[in-house]
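Peer 1:
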């Protein structure tokens, strides 16, 4: 990105933006920002559950842990940041880089790695500073999650109302969105670099609007699915064109807004759905052309089920599920069909249509590798 700033575009996602929380929330005692586990109410989007507070999480651990920043980070990652394996994966990564066993690294070593990535020159801070919320390249618009009607033209804190960008057009909206993100990151960096350390004016209202009352808080808020009052966030970050794992095309108003301004492709990710991108061809009344929507998070979600062998049922089941039996049958049929076939007399090997037919196509699985195909 530094070498080719106009040719490389780094999109900010929710798992990048939410790490901005760490500078204030992990400020160690005796910092005034540190809130002991017994007094911590949790976060506004996790109001129930045995581990929804640091005290509850500490009590649930098999081995006693001290109430300190390293354990607080473990609670945050596992309970309210959707990253239950991140702490141990970072330990393993650090161990591999240093050529030692994982057991040689303490929890505080892992904490220092996370904290260091957010300091001046750190990898994650550098990424945030170079990142943007939207990228418009020719007729293709890139965002992290999706674009719903409430997010069209919406820029947090924008004068003239949230829909001003929709009236001005997609180019002006993209530029305003990226200026907003850069301003928030700059504010957050300056706060963290100050001699007094990070600030958080709203820390006593962690279950309410005070959660985002901190430098960079408007960007943190924009990267969330919902707001403290329960309202859905009008965001391109925490959104998706998948519903229950199945493709859900954008609203006709969004399609028309983009097509009228020469945008023919919308590319996003955010929600994992397996082996291949999902492509949707969308039209809208009173708009010419076709918008192609590509959702391209091809990592595997937790809805993916794996089968070890035809005779190995999944845990808690007496036999492989029907979908897996179909998949296994399809694989067996495909393997049989791929076996060498003798060329019939009078046919020419390698000429399409001249080979012996190889049987019916394999049956389609009712539920292949994941819920979305």
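Residue numbers (the working numbering): 36 to 408. A virtual CB, placed ideally from N, CA and C, is assigned to each residue, including glycine.
Can you look up residue 386 in the DSSP assignment and give me helix, strand or coil?
Peer 2: For residue 386, the predicted model reports a pLDDT of 35, less than 50, meaning its position is unreliable; a value from the coordinates is still stated below. Residue state, collapsed to three classes: coil.
Peer 1: If we call anything under 8 Å between Cβ atoms a contact, is residue 323 one with residue 301?
Peer 2: No, these two residues do not count as a Cβ contact at 8 Å.
Peer 1: Let me know the beta strand (DSSP E) ranges lying completely inside the region 244-321, each 3 residues or longer, listed in chain order.
Peer 2: Counting whole runs of 3 or more residues, the region 244-321 contains the beta strand (DSSP E) stretches 300-303 and 313-317.
Peer 1: Going by DSSP, what residue range makes up the beta strand (DSSP E) through residue 328?
Peer 2: Its beta strand (DSSP E) spans residues 326-330.
Peer 1: Using the beta-carbon count (16 or more within 10 Å), is residue 52 buried or exposed?
Peer 2: By the 10 Å Cβ count, residue 52 comes out buried.
Peer 1: Can you check DSSP and say which residues form a bridge with residue 178?
Peer 2: DSSP lists 169 as partners of residue 178.
Peer 1: With H, G and I counted as helix, E and B as strand and the rest as coil, what does DSSP make of residue 46?
Peer 2: The answer is strand: DSSP assigns residue 46 an E or B state.
Peer 1: Using only the alpha-carbon positions, how far apart do residue 434 and residue 48 sit?
Peer 2: Here the chain has residues from 36 to 408 only, and residue 434 is not among them.
Peer 1: With a threshold of 16 other CB atoms inside 10 Å of the CB of residue 120, please say whether the residue is buried or exposed.
Peer 2: By the neighbour-count rule (16 or more Cβ atoms within 10 Å), residue 120 is not buried but exposed.
Peer 1: Below 6 Å CB to CB, which residues in the same chain sit around residue 127 once its five sequence neighbours on both sides are set aside?
Peer 2: Correct list, in chain order: 137.
Peer 1: Quick test of your reading: residue 55 and residue 235, contact by CB under 8 Å. State the CB separation rounded to the nearest angstrom.
Peer 2: With 8 Å as the limit, residue 55 and residue 235 do not qualify as a contact, their Cβ atoms being about 11 Å apart.
Peer 1: Quick one: Cα of residue 270 to Cα of residue 154, how far?
Peer 2: Rounded to whole angstroms, residue 270 to residue 154 spans 27 Å at the Cα level.
Peer 1: Counting pairs of beta carbons, one from the region 255-267 and one from the region 138-147, are three or more of them closer than 8 Å?
Peer 2: Judged by Cβ distances under 8 Å, the region 255-267 makes no contact with the region 138-147, as fewer than three pairs qualify.
Peer 1: Please name the residue, chosen from 115, 187 and 156, that lies closest to residue 81 on a Cα-to-Cα basis.
Peer 2: Nearest option by C-alpha distance: 115.
Peer 1: Mapping the DSSP letters down to three states, classify residue 164 as helix, strand or coil.
Peer 2: Helix, per DSSP.
Peer 1: Taking the continuous alpha helix (DSSP H) assigned at residue 104, which residues delimit it?
Peer 2: Segment 104-110, the alpha helix (DSSP H) holding residue 104.
Peer 1: Report the CB separation of residue 57 from residue 158 in whole angstroms; it is logged as a contact under 8 Å.
Peer 2: No, residue 57 and residue 158 are not in contact; Cβ-Cβ is about 14 Å, not under 8 Å.
Peer 1: Can you tell me whether residue 186 is buried or exposed, with buried defined as 16 or more other CB within 10 angstroms of its CB?
Peer 2: Buried, by the Cβ-count rule.
Peer 1: In terms of alpha-carbon separation, which member of 332, 248 and 175 lies closest to residue 299?
Peer 2: Among 332, 248 and 175, the Cα nearest to that of residue 299 belongs to 175.
Peer 1: Are at least three pairs of beta-carbons, each pair with one atom in the region 208-228 and one in the region 313-320, less than 8 Å apart?
Peer 2: Output reads no: the region 313-320 does not touch the region 208-228.
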